[in-house]
């Protein structure tokens, strides 16, 4: 009964019954796997891993591997460290003494060479004297600037030792348009074979040493970075002002005026008359392209201080510290990257008649150089000028004669911007010096680039090295070796030609696009790319492999226990 109390136990629930009347267990246990199912699972997992290891991984490795061509790293480093080549500059100088007997002239050459060796303090640059024919070279036989002589050394200078009556002491005369130096001596100073240090030999040696002093100091500055010399400050300033060497330079001549006149100029005739000979002389060193333009109503930059009228000078003046802001780069159409090579801008500015004449306040100059950029010339023509034919000059047109002062200045500015030495007075000698200086600079630059490329490829093993880079490196090293050989044998024009190719190939190999792109692709980026793709697939495969390995190990242990 329901209300009864006592010690009766509470009724227990009976287990649930299924439709057949049998009880169901509280926890369902999966049936054991059959050996066939275990083998099937093992084969499926093994098939996945076989495909990954023997097919997927090789394909991935082949398609994602970085090709690195072989580079002669040690040779590149040796060139950069200066162990492979120590450049020397032996200058061959021919001496001719028509008035002397052969033994006397031979003795003069020998004693002069000894005096030169005693004066020389830079062993890499030395002068080698050679006795010319007894008749002496003529003016027409003077060497051509930049002439490439593959069968022998270039002749740097021709020295003619000439007797002159009435002289008290020897004197020298350098030809400004040739590579010839004349030494005049009194007949009483003919060196005798018994003299060991004749006065004429000492004079010639001192003159030669003076001619090449700036070149020697410049080459020493480039090769060793020597800044302790007496002319080191001037050399450093000149090198900073000059442009970097290039095979081709683009010259841009611009006429700017704040008004409507002048609106035309005889630029073609002026270039042919005043500039073309200089550019032709430079042809063994670099090539040039030229373009011109006329810009009317070219105003000063609003940020530049305007010219100030000076009552004492009766002229409009510009302060020297304000010259850097004279060029209105925002409005004047000056393109610094025309063509393949660097651009040198030459600006001819004609002030407004109300602000003419215009000069620089400190030095009353009408021109100045902008380092590594170009030059500016202020043309202050008079209001009424008479031409050479007697006719009045059109104020709206600049004739060839009116352009002469500007282009004479542009010629000097061009020489400075191209790094031409300031001495000696002979332009051919200065251009020859520039050939040797440029060859030394290119040799050093290409060697340094090779060292930088070697360090880059060693420090970043993940960047590719295309076959084109290996070919450029091989070409660079071969031309560097040829340059060193040409310098050692005194063929400086040929050395410049090979050094130019070496520098070009070195730059091409260092700035290879595929290499530069991989420099900025670190390994963290690769992990970020692969992890989202391989994570969802790799985790189940790795877990299933571990389970299979665990099952096999457990089975192996159970078999050993049963055998024991």
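In the UniProt record's numbering, the protein residues as written are 1 to 564. Virtual Cβ for every residue (Gly too), placed ideally from N, Cα, C.
{"query": "Residues near residue 136 by beta carbon distance below 8 angstroms, same chain, minus five either side", "result": "Because residue 136 sits at a pLDDT of 42, beneath the cut-off of 50, its placement in the model cannot be relied upon, and the point is left open."}
{"query": "Residue 270 vs residue 407 beta-carbon contact at 7 angstroms", "result": "yes"}
{"query": "Spatial neighbours of residue 487 in its chain, beta-carbon cut-off 7 angstroms, leaving aside the 5 residues before and after", "result": "87, 88, 89, 439 and 495"}
{"query": "Exposure label - residue 330; buried when at least 16 CB within 10 Å", "result": "exposed"}
{"query": "Residue environment, residue 79, which counts as buried when at least 16 other CB atoms sit within 10 Å", "result": "buried"}
{"query": "Coil, strand or helix - residue 130 by DSSP", "result": "strand"}
{"query": "Top-ranked residue by Cα proximity to residue 293, from 255, 312 and 313", "result": "255"}
{"query": "Proximity to residue 115 [Cα-Cα], best of 208, 164, 124 and 92", "result": "208"}
{"query": "Residues of its chain near residue 222, where Cβ-Cβ distance is below 6 angstroms and the 5 sequence neighbours each way are ignored", "result": "440 and 441"}
{"query": "Identity of the residue in 122, 416 and 275 nearest residue 244 by Cα", "result": "416"}
{"query": "Classification of residue 349 by the beta-carbon crowding that lies within 10 angstroms, buried from 16 upward", "result": "buried"}
{"query": "Cβ-Cβ distance between residue 246 and residue 396 below 7 angstroms", "result": "no"}
{"query": "Sub-7 angstroms separation of residue 92 and residue 128 beta-carbons", "result": "yes"}
{"query": "Same chain, Cβ closer than 6 angstroms to residue 192, neighbours up to 5 away in sequence not counted", "result": "none"}
{"query": "With 16 other Cβ atoms within 10 Å as the buried cut-off, status of residue 57", "result": "exposed"}
{"query": "Residue burial classification, residue 139 (beta-carbon count within 10 angstroms, cutoff 16)", "result": "Legend: pLDDT at residue 139 = 45, less than 50; position of this residue unreliable, no value from coordinates given."}
{"query": "Bridge partners - residue 292, DSSP secondary structure assignment", "result": "253"}
{"query": "Residue(s) in a DSSP beta bridge with residue 345", "result": "252 and 374"}
{"query": "Under the three-state DSSP convention, the category residue 556 falls into", "result": "helix"}
{"query": "Residue 65 versus 213, 462 and 474, residue with shortest Cα-Cα distance", "result": "462"}
{"query": "Residue 197 burial status per 10 Å Cβ neighbour count (16 or more: buried)", "result": "exposed"}
{"query": "Outcome for residue 94 when other beta-carbon atoms lying within 10 angstroms are tallied against a minimum of 16", "result": "buried"}
{"query": "Bridge partners - residue 161, DSSP secondary structure assignment", "result": "183"}
{"query": "Beta-carbon gap between residue 189 and residue 199 smaller than 7 angstroms", "result": "yes"}
{"query": "Residue 537 versus residue 546 - alpha carbon distance", "result": "15 angstroms"}
{"query": "N-terminal and C-terminal residue of the alpha helix (DSSP H) that residue 577 is part of", "result": "The chain is shown only over 1 to 564; residue 577 falls outside these bounds and no answer can be derived."}
{"query": "Residues near residue 202 by beta carbon distance below 6 angstroms, same chain, minus five either side", "result": "115"}
{"query": "Span of the beta strand (DSSP E) around residue 498", "result": "Premise fails: residue 498 lies in the alpha helix (DSSP H), 492-510, not in any beta strand (DSSP E)."}
{"query": "Strand pairing of residue 458, partner residues [DSSP]", "result": "Per DSSP, none; premise fails for residue 458."}
{"query": "Cβ neighbour criterion (16 or more within 10 Å) applied to residue 383", "result": "Only weak support exists for where residue 383 lies, its pLDDT of 47 falling under 50; the coordinates are left without a value."}
{"query": "Length of the line joining the Cα atoms of residue 183 and residue 172", "result": "5 angstroms"}
{"query": "Residue-chain proximity (residue 495, chain D), Cβ-Cβ < 7 angstroms", "result": "Reference to chain D is not applicable here, since this structure consists of a single protein chain."}
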